[in-house]
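Quick notes on the structure that follows.
2 protein chains.
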Amino acid sequence: MNYATMRPSDVRALIRAGNIAVPTTGMCDGYAQANLVSLPKELAYDFLLFAQRNPRSCPLLEVSDVGSRELHDIASNVDIARDISRYRIYENGVMAGEYTDVSGFWRDDLVSFLIGCSFSFEGELLQADIPVRQIEEHCNVPMYNTNIPCKSAGVFHGNMVVSMRPIPHDLVAKAVLVTGAMPKVHGAPVQIGNPEQIGITDLEHPDYGDMVTIRDGEVPVFWPCGVTPQAVIMSSKPEFCITHSPGHMFITDVKNVNLKY
Amino acid sequence: MNYATMRPSDVRALIRAGNIAVPTTGMCDGYAQANLVSLPKELAYDFLLFAQRNPRSCPLLEVSDVGSRELHDIASNVDIARDISRYRIYENGVMAGEYTDVSGFWRDDLVSFLIGCSFSFEGELLQADIPVRQIEEHCNVPMYNTNIPCKSAGVFHGNMVVSMRPIPHDLVAKAVLVTGAMPKVHGAPVQIGNPEQIGITDLEHPDYGDMVTIRDGEVPVFWPCGVTPQAVIMSSKPEFCITHSPGHMFITDVKNVNLKY
Chain A
113 MNYATMRPSD VRALIRAGNI AVPTTGMCDG YAQANLVSLP KELAYDFLLF
163 AQRNPRSCPL LEVSDVGSRE LHDIASNVDI ARDISRYRIY ENGVMAGEYT
213 DVSGFWRDDL VSFLIGCSFS FEGELLQADI PVRQIEEHCN VPMYNTNIPC
263 KSAGVFHGNM VVSMRPIPHD LVAKAVLVTG AMPKVHGAPV QIGNPEQIGI
313 TDLEHPDYGD MVTIRDGEVP VFWPCGVTPQ AVIMSSKPEF CITHSPGHMF
363 ITDVKNVNLK Y
Chain B
113 MNYATMRPSD VRALIRAGNI AVPTTGMCDG YAQANLVSLP KELAYDFLLF
163 AQRNPRSCPL LEVSDVGSRE LHDIASNVDI ARDISRYRIY ENGVMAGEYT
213 DVSGFWRDDL VSFLIGCSFS FEGELLQADI PVRQIEEHCN VPMYNTNIPC
263 KSAGVFHGNM VVSMRPIPHD LVAKAVLVTG AMPKVHGAPV QIGNPEQIGI
313 TDLEHPDYGD MVTIRDGEVP VFWPCGVTPQ AVIMSSKPEF CITHSPGHMF
363 ITDVKNVNLK Y
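Protein chains in written order, with my numbering: chain A, 113 to 373; chain B, 113 to 373.
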């Protein structure tokens with residue numbers, strides 16, 4: 113089965129039927145994937161405001177109606193409780209379990225936030241002949257906690273998490289322009305070449321994901337990361353929260369190229 | 113007094129002291145101005161979601177904390193109840209009065225939404241040698257109701273309002289590029305040259321503002337307008353709402369050029 117060339121609706125149908133258990137990296141070439149955060153309505157205002165105040169790390173692609181498992185903008189015929197291949201449920205900030213279907217846990221007060229994912233701009237980088245090392249090395253992107261404070265909103269506060277990609281020195285400006293044109297999926301880098309300036313003291317040991325090779329002449333470049341909202345939510349310990357499991361994203365019907373406009 | 117070259121903080125101080133009663137058009141050259149909508153917290157989630165779903169007409173520059181008359185991002189040392197030269201108070205969708213100071217009406221449950229304004233991209237158009245007719249003719253921009261539905265959110269629903277500027281036919285593409293680079297202040301046009309396609313049947317008689325001259329060889333170009341949220345709010349009849357009075361905008365400390373990034 114070549115998931116890369118399949119339509120998003122077909123892959124979502126396979127996921128809903130329980131026939132795909134693996135991460136979604138590389139599936140449905142050219143289509144955007146999204147992070148999921150589902151929270152009780154009681155906390156939804158604070159989280160929506162947090163996203164409004166921190167659009168670099170929390171670019172919202174869609175917010176569901178209260179209690180609804182459907183979406184309207186970024187995909188159709190969706191059951192958000194079944195169309196992701198692996199979910200996490202958190203209770204009071206502690207992971208209570210991983211599931212391939214959370215319809216049995218669904219609550220009528222849940223609001224789902226779909227947040228842009230850097231998978232989208234990686235496709236654009238590759239098309240522009242800029243290497244993406246963790247794809248070459250078949251591992252997860254390295255991610256780091258930083259000292260860059262997010263703007264607080266109600267109960268939600270915390271620091272930005274960033275992802276790192278080593279970029280050949282003569283392609284750094286091009287990488288800024290390519291990703292800067294896609295603000296709905298994190299946009300331009302927040303730091304270029306000086307990790308210690310944002311509180312990263314041990315580049316070899318990322319806080320999340322895997323380390324990748326940095327070759328001679330390459331510069332570590334740091335982008336706001338979709339792990340930020342999850343880290344912030346976990347530190348705020350909401351009584352109940354559903355997220356996707358890292359790497360198991362929601363596949364949208366939106367082409368990456370359309371996220372530029 | 114040459115308000116055009118003054119600093120935003122100085123003009124806001126004059127406004128707060130009651131020394132400026134006129135519209136803010138042309139004040140503090142190069143700095144962004146903003147629309148104001150202040151609503152009770154009870155309605156704030158629906159309005160924040162409405163803005164998230166309709167970023168073309170409701171681009172949020174900042175959302176205040178509940179009850180706070182201060183801002184943090186787009187200006188400092190602000191009293192949002194006194195730093196606009198004219199306000200409107202609406203009760204159940206009906207205008208109850210205009211005031212130069214609404215501190216006596218302030219409520220601890222109000223949330224203030226500051227929304228981008230096309231004044232920002234007009235400066236960019238002029239710098240790019242694209243004429244802005246209503247500035248040349250010293251009148252208000254013509255605005256029209258359309259048949260373009262906004263995406264609903266809770267109690268808020270309605271159609272987009274657009275502003276129109278006649279653009280010389282050979283500068284239309286340039287005007288699209290200039291404004292398209294500024295999505296935080298409405299961005300690119302929604303319609304070029306075919307008003308009837310968006311439900312505008314009488315171009316000579318705008319629904320708001322003043323008609324301007326359309327010369328031979330010019331094309332009417334339509335942009336999403338900051339009147340949209342006010343029209344939507346008024347049709348939704350919240351029990352209490354404070355807005356700026358049209359033309360009397362909040363002057364921010366943010367340079368227009370910085371709204372591009």
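Yeah, the Cβ is synthetic: ideal placement off N, Cα and C, and Gly gets one too.
Beta bridge pairing from DSSP links residue 330 (chain A) with A:280.
The stretch 222-231 of chain A makes contact with the stretch 171-185 of chain A: 3 or more CB pairs, one atom from each, lie closer than 8 Å. For residue 227 (chain A), the CB contacts under 8 Å within the same chain, skipping 5 residues up- and downstream, are 146, 147, 148, 149, 163, 170, 171, 172, 173, 338 and 341 in chain order.
Shown here for residue 236 (chain A): same chain residues with a beta carbon closer than 7 Å to its own, the five before and five after excluded, namely 290, 294 and 368 in chain order. Using a CB distance below 7 Å, no part of the stretch 278-306 of chain B faces chain A. In chain order, 240 and 242 place their CB closer than 7 Å to the CB of residue 286 (chain B), counting only its own chain and leaving out the 5 sequence neighbours on each side. Scanning its chain for C-beta atoms nearer than 7 Å, with the 5 sequence neighbours on each side dropped, one finds around residue 158 (chain B) the residues 265, 266, 267 and 268, in chain order. Look at the beta carbons and you see the stretch 183-199 of chain A touching the stretch 353-360 of chain A: at least three pairs across the two are nearer than 8 Å. Residues of chain A with a Cβ closer than 7 Å to the Cβ of residue 156 (chain B) are, in chain order, 157. According to the DSSP assignment, residue 207 (chain B) belongs to the beta strand (DSSP E) that extends over 206-211. Within chain B, the residues 157, 160, 161 and 164 have their CB atoms less than 8 Å from the CB of residue 160 (chain A), given in chain order. Closer than 8 Å to the CB of residue 172 (chain B) there is at least one CB belonging to chain A.
Check the Cα spacing between residue 351 (chain A) and each of A:256, A:303, A:366 and A:203: the tightest is with A:203. At the C-beta level, residue 216 (chain A) and residue 349 (chain A) stay beyond 8 Å of one another. Below the 8 Å Cβ cutoff, chain A contributes 161, 164 and 165 as neighbours of residue 175 (chain B), in chain order. Assignment of beta strand (DSSP E) within the stretch 171-195 of chain B, counting only whole runs of 3 or more residues, yields 172-175 in chain order. Ranked by Cα distance from residue 186 (chain B), the options B:296, B:131, B:244 and B:128 are led by B:296. Between residue 322 (chain B) and residue 120 (chain B), the gap from beta carbon to beta carbon reaches 8 Å or more.
With respect to the 8 Å criterion, residue 254 (chain A) and residue 344 (chain A) are not classified as neighbours on the basis of their beta carbons. At the C-beta level, residue 244 (chain B) and residue 256 (chain B) stay beyond 8 Å of one another. Each of B:229, B:219 and B:330 was checked against the Cα of residue 153 (chain B), and the nearest Cα belongs to B:219.
Residue 275 (chain B) counts as buried, since no fewer than 16 other beta carbons sit within 10 angstroms of its beta carbon. Around the Cβ of residue 370 (chain B), a 10 Å sphere holds fewer than 16 other Cβ atoms; the residue is exposed. The continuous beta strand (DSSP E) containing residue 203 (chain A) extends over residues 199-203. Around residue 330 (chain B), the same chain offers 278, 279, 280 and 281 as residues with beta carbons nearer than 8 Å, after the five sequence neighbours per side are excluded.
Annotation for residue 354 (chain B): no alpha helix (DSSP H) segment contains it, though the beta strand (DSSP E) segment containing it runs 353-356. The continuous stretches of beta strand (DSSP E) do not include residue 341 (chain B), which lies in the alpha helix (DSSP H) extending over residues 339-348. Across the set B:347, B:140 and B:193, the C-alpha of B:140 shows the shortest separation from the C-alpha of residue 232 (chain B). Collapsing the DSSP output to three states places residue 115 (chain A) in a helix.
No Cβ-Cβ contact shorter than 8 Å links residue 252 (chain B) with residue 261 (chain B). The beta-bridge partner set that DSSP reports for residue 224 (chain B) consists of B:150. Shown here, residue 240 (chain A) sits in coil according to DSSP, grouped into three states, outside any helix or strand. The beta carbon of residue 161 (chain A) sits closer than 6 Å to the beta carbons of 265 from its chain, once the five residues preceding and following it are set aside; these are given in chain order.
In this model, residue 151 (chain B) and residue 317 (chain A) are separated by some 47 Å (Cα to Cα).
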